[in-house]
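This report concerns only the one structure given below.
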Amino acid sequence: MTSKDAGSTSGSIKIGVLYSRSGVTSAAETAQLQATILAVEEINRAGGVLDREIELVCLDPQCQPRNYADLAEQLILKHRVRLIVGCYMSSTRKAVIPIVERHNALLFYATPYEGFEYSRNVIYTGAAPNQNTLPLAGFMLTHYGSRVSMIGSDYICPYESNRVMSDLILERGGEKLDETYLPLDARWESYLDVAKRIRQLSPDFIFSTVVGEGIPHLYRAFAHVGLDPYRMPIASHMTSEAEIAIMGNDVAEGHITSAAYFQTVDTAANRLAVARYQARFGDDQTTNMCWEAAYFQMHLLVDAIRRVGSDDPTLLLRVLPGLEYQAPQGRVRIDEYNNHTYLHPLIGRVNTQGRFDVIGRAPERVKADPYVVSHTTPRWTSEARPDLERTGGDR
Amino acid sequence: MKSTAATPSILRDLRSLKVVVIHPQDQDGDELLAQLQRIGCDVEVFWPRLDCLPANTGLVLMAVRPETLSMNFPWLGSSTSPPVIPVVTYENPITIEAVLQLNAFSTIPSPVRSFGLLTAIAVALTQFKASRMRDRYIDRLEQKQAKVRVIQQAKQIVMDTRGVSEEQAYQMLRAQAMLKREQIETVAGEIVKARETLSF
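Chains as they are written, first to last, in our numbering: chain S, 165 to 559; chain D, 3 to 202.
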């Protein structure tokens with residue numbers, strides 16, 4: 165193999181990046197892109213890896229699944245890249261998997277998804293349902309009740325999350341009052357109709373699996389019809405600081421999210437990473453669960469390159485399983501058998517500053533179990549004694 | 003998508019499913035085992051022989067390749083044997099014939115990939131269960147059909163020999179059955195048999 169064929173045996177090590185800068189989920193993907201850039205700049209400033217710099221080849225798929233596949237192929241064939249970070253919605257990941265498998269490339273995927281997947285050529289650093297949906301369900305069904313309204317974006321991940329939630333509601337003798345799916349590009353009026361229906365049904369809480377631009381619409385509609393998040397919160401595993409920045413702190417306050425990371429996580433690694441991020445991209449920049457996974461996966465990848473002395477995917481796959489990293493959320497680990505990541509599940513509630521107060525946390529990191537069908541909620545979620553009283557002034 | 007239905011019990015019970023894998027330890031075997039463990043099944047691997055299935059085996063995954071064609075698995079094809087999913091390396095008529103012999107509802111192609119195994123298992127278990135229920139239903143129907151036929155014959159004999167109506171003949175059979183504390187088809191069977199004995 166000549167050095168040209170190998171792509172990057174000398175000079176820089178190239179890594180492909182597929183995050184969208186426009187389109188329905190671009191807010192979260194832009195944060196992932198910037199997290200990737202931050203991590204690479206940290207690595208290069210510290211001397212790179214194997215005495216070489218990391219060079220990112222960033223292409224913009226504009227949230228279209230076909231573009232992700234085409235651009236993944238372009239990264240591999242034209243830019244001679246075999247390491248790719250990116251994808252957001254499941255449809256985009258599914259489009260890229262056949263490409264990375266055919267060319268024996270590696271995809272690092274930093275977004276929570278619905279599970280039931282394992283590809284040798286994918287490392288999954290976002291949460292599986294047992295790490296976010298399940299803690300959220302346990303927490304909400306225990307502390308708020310089991311009469312639930314469900315609202316989601318019309319695609320696969322929400323269906324699967326709602327299946328898990330529905331089973332758990334039924335097991336507890338609860339009631340699914342409503343299950344609505346709106347198109348990814350649904351307008352504000354549709355969310356307003358949903359909010360009005362929710363007000364009539366008066367559930368114990370709302371389980372939202374809305375993604376992207378719909379999230380601010382939903383929360384605004386909820387506030388618009390005068391619902392009180394402290395009495396009837398929206399619970400989500402996708403709503404993050406990125407969407408709160410768009411909808412506004414006053415609209416987000418009191419609602420609940422489950423994730424393995426919030427910007428407020430109190431670790432040294434997080435304080436440093438957030439400070440560097442804001443110094444690089446601006447004081448107003450927020451971080452979130454997808455940002456953090458995109459950030460630490462780059463460090464994990466480069467650590468693996470260092471360990472094997474190569475950027476060859478086959479060699480990297482010998483060390484990536486079992487590899488650990490001191491991430492902003494705490495110590496994470498890639499599972500030896502399923503390529504998913506041990507994470508630290510948290511339950512957070514938005515405070516007046518638009519940041520998450522942690523009101524529940526797993527006692528230790530949790531192994532991803534992407535193929536679990538029949539769920540039982542973790543004990544810590546029902547044993548948690550959260551202070552759910554309203555903080556700050558009445559609105 | 004209108005509304006999520008409750009999760010099917012076959013999927014809910016996967017974690018307690020006992021799976022027997024009859025496959026050599028090669029790349030396919032490793033991938034098969036790893037994916038079954040990710041799914042969370044209780045797996046045991048055997049190769050090359052397995053003369054007696056472990057208790058409570060709910061599913062068998064079996065390599066079907068040239069060297070297995072001559073193997074004999076005595077537990078196969080009995081009314082109590084579990085569903086079999088063949089893992090197929092060749093697509094020639096000989097191998098396909100061997101696959102058909104297994105009455106499989108789904109197959110796993112080689113090289114084995116992680117993707118597809120869960121669906122193959124779900125389809126095999128569901129269709130196997132449905133097929134078992136259909137078989138039992140057919141058995142019951144056949145038995146019932148046989149009874150109806152014997153009663154019909156006996157009624158005809160009574161009608162002919164006693165010169166009574168069909169309804170009266172039936173009431174006589176019923177009365178006899180009650181008297182002897184027997185099923186009506188038993189009495190009917192005796193009558194039909196006696197008639198056959200006499201008709202030489």
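Just so you know, even glycine gets a beta-carbon here, dropped at the ideal spot from N, CA and C.
Quick caveat: nothing in here was measured; it's all calculated off a predicted structure.
Environment of residue i [buried if 16+ CB atoms lie within 10 Å]
i: residue 96 of chain D; result: exposed
i: residue 619 of chain S; result: This structure leaves residue 619 of chain S out entirely; chain S is present only between 165 and 559.
i: residue 274 of chain S; result: buried
i: residue 496 of chain S; result: buried
i: residue 8 of chain D; result: exposed
i: residue 241 of chain S; result: exposed
i: residue 99 of chain D; result: exposed
i: residue 297 of chain S; result: buried
i: residue 79 of chain D; result: exposed
i: residue 175 of chain S; result: exposed
i: residue 250 of chain S; result: buried
i: residue 378 of chain S; result: buried
i: residue 40 of chain D; result: buried
i: residue 185 of chain D; result: exposed
i: residue 150 of chain D; result: exposed
i: residue 168 of chain S; result: Residue confidence for residue 168 of chain S is low, a pLDDT of 42 falling below 50, so the modelled location carries little weight and cannot support an answer.
i: residue 482 of chain S; result: exposed
i: residue 210 of chain S; result: exposed
i: residue 54 of chain D; result: exposed
i: residue 198 of chain S; result: buried
Identified DSSP bridge partners for residue i
i: residue 608 of chain S; result: The structure shown has nothing for residue 608 of chain S, since chain S only spans 165 to 559.
i: residue 247 of chain S; result: S:270
i: residue 491 of chain S; result: S:494
i: residue 219 of chain S; result: S:178
i: residue 346 of chain S; result: S:317
i: residue 505 of chain S; result: S:498
i: residue 339 of chain S; result: S:311
i: residue 520 of chain S; result: S:514
Candidates the options, of which the one nearest residue i by Cα
i: residue 126 of chain S; options: S:356, S:193, S:342, S:395; result: Given a span of 165 to 559 for chain S in the structure shown, any question on residue 126 of chain S remains unanswerable.
i: residue 189 of chain D; options: D:174, D:43, D:19; result: D:174
i: residue 456 of chain S; options: S:192, S:543, S:178; result: S:192
i: residue 525 of chain S; options: S:452, S:517, S:513; result: S:513
i: residue 234 of chain S; options: S:220, S:257, S:212; result: S:257
i: residue 187 of chain S; options: S:202, S:491, S:178, S:225; result: S:225
i: residue 405 of chain S; options: S:330, S:477, S:506, S:515; result: S:515
i: residue 267 of chain S; options: S:245, S:279, S:288; result: S:245
i: residue 358 of chain S; options: S:417, S:332, S:387; result: S:387
i: residue 90 of chain D; options: D:156, D:68, D:82; result: D:68
i: residue 213 of chain S; options: S:469, S:480, S:554; result: S:469
i: residue 553 of chain S; options: S:458, S:216, S:419; result: S:419
i: residue 114 of chain D; options: D:43, D:66, D:181; result: D:66
i: residue 507 of chain S; options: S:253, S:500, S:493, S:517; result: S:493
i: residue 134 of chain D; options: D:44, D:85, D:121, D:64; result: D:85
i: residue 283 of chain S; options: D:122, D:118, D:64; result: D:118
i: residue 415 of chain S; options: S:400, S:198, S:382, S:277; result: S:382
i: residue 10 of chain D; options: D:121, D:105, D:177, D:181; result: D:121
i: residue 391 of chain S; options: S:374, S:366, S:402, S:373; result: S:366
i: residue 230 of chain S; options: S:203, S:220, S:223, S:259; result: S:259
i: residue 385 of chain S; options: S:409, S:474, S:360, S:177; result: S:360
i: residue 537 of chain S; options: D:5, D:6, D:16; result: D:16
i: residue 201 of chain S; options: S:276, S:462, S:503, S:500; result: S:462
i: residue 602 of chain S; options: S:223, S:272, S:303, S:178; result: Residue 602 of chain S is absent from the structure shown; chain S starts at 165 and stops at 559.
i: residue 445 of chain S; options: S:183, S:205, S:190, S:189; result: S:205
i: residue 6 of chain D; options: S:322, S:190, S:255; result: S:322
With a cut-off of 8 Å, do at least 3 Cβ pairs link the segment 509-525 of chain S to the segment 423-430 of chain S? At 8 Å Cβ cutoff, the stretches touch.
Residues of the segment 326-355 of chain S with Cβ closer than 7 Å to any Cβ of chain A, in chain order: Of the chains in the structure shown, none is chain A; the protein chains are S and D.
Can you list, in chain order, the residues of the segment 32-44 of chain D whose Cβ is nearer than 8 Å to any Cβ on chain S? The residues in question are 36, 37, 39, 40, 41, 42.
Under 8 Å: do the segment 342-359 of chain S and the segment 279-292 of chain S share three or more Cβ pairs, one atom per stretch? Short answer: they don't touch.
Under 9 Å, CB to CB, which of the residues in the segment 273-306 of chain S have a partner in chain D? Answer in chain order: 280, 281, 282, 283, 284.
For the segment 112-123 of chain D, list every residue whose C-beta sits within 9 Å of some C-beta in chain S, in sequence order. Going along the segment 112-123 of chain D in chain order, one finds 115, 116, 117, 120 with a Cβ nearer than 9 Å to chain S.
Chain-ordered residues of the segment 532-547 of chain S with a beta carbon less than 9 Å from chain D: Residues passing the 9 Å Cβ filter: 533, 534, 535, 536, 537, 538.
With a cut-off of 8 Å, do at least 3 Cβ pairs link the segment 35-53 of chain D to the segment 129-142 of chain D? Contact between the segment 35-53 of chain D and the segment 129-142 of chain D is absent, because fewer than three Cβ pairs lie under 8 Å.
Stretch pair the segment 297-313 of chain S + the segment 336-345 of chain S: three plus CB contacts closer than 8 Å: In this structure the segment 297-313 of chain S lies against the segment 336-345 of chain S, because at least three pairs of beta carbons, one per stretch, are closer than 8 Å.
Chain S contacts made by the segment 5-16 of chain D, where a contact means CB separation under 7 Å: Going along the segment 5-16 of chain D in chain order, one finds 5, 6, 8, 9, 13, 14, 16 with a Cβ nearer than 7 Å to chain S.
Count the C-beta pairs between the segment 141-150 of chain D and the segment 33-45 of chain D that are closer than 8 Å, then say yes if the count reaches three, no if not. The segment 141-150 of chain D makes no contact with the segment 33-45 of chain D: fewer than 3 CB pairs, one atom from each, lie closer than 8 Å.
Please identify, using Cβ separations under 8 Å, the residues of the segment 499-533 of chain S that lie next to chain D, in order along the chain. Per Cβ criterion, the list reads 501, 502, 533.
Selection of the segment 419-430 of chain S by Cβ proximity to chain D, strictly under 9 Å: Nothing from the segment 419-430 of chain S brings a Cβ to less than 9 Å from some Cβ of chain D.
Touching by the beta-carbon criterion (3+ pairs, under 8 Å), the segment 431-440 of chain S and the segment 524-542 of chain S: Here the segment 431-440 of chain S does not lie against the segment 524-542 of chain S, with fewer than 3 beta-carbon pairs under 8 Å apart.
I'd like to know if the segment 530-540 of chain S and the segment 441-449 of chain S are in contact, where contact means that at least 3 CB-CB pairs between them fall below 8 Å. At 8 Å Cβ cutoff, the stretches do not touch.
Output needed in chain order: residues of the segment 208-241 of chain S with a Cβ under 7 Å from some Cβ in chain D. For the segment 208-241 of chain S, which is checked against every Cβ of chain D, not one residue is closer than 7 Å.
Indicate whether the contact test is met: 3 or more Cβ pairs, each with one atom in the segment 325-334 of chain S and one in the segment 444-452 of chain S, closer than 8 Å. As far as the Cβ criterion goes, the segment 325-334 of chain S does not touch the segment 444-452 of chain S, which means the pair count is below three.
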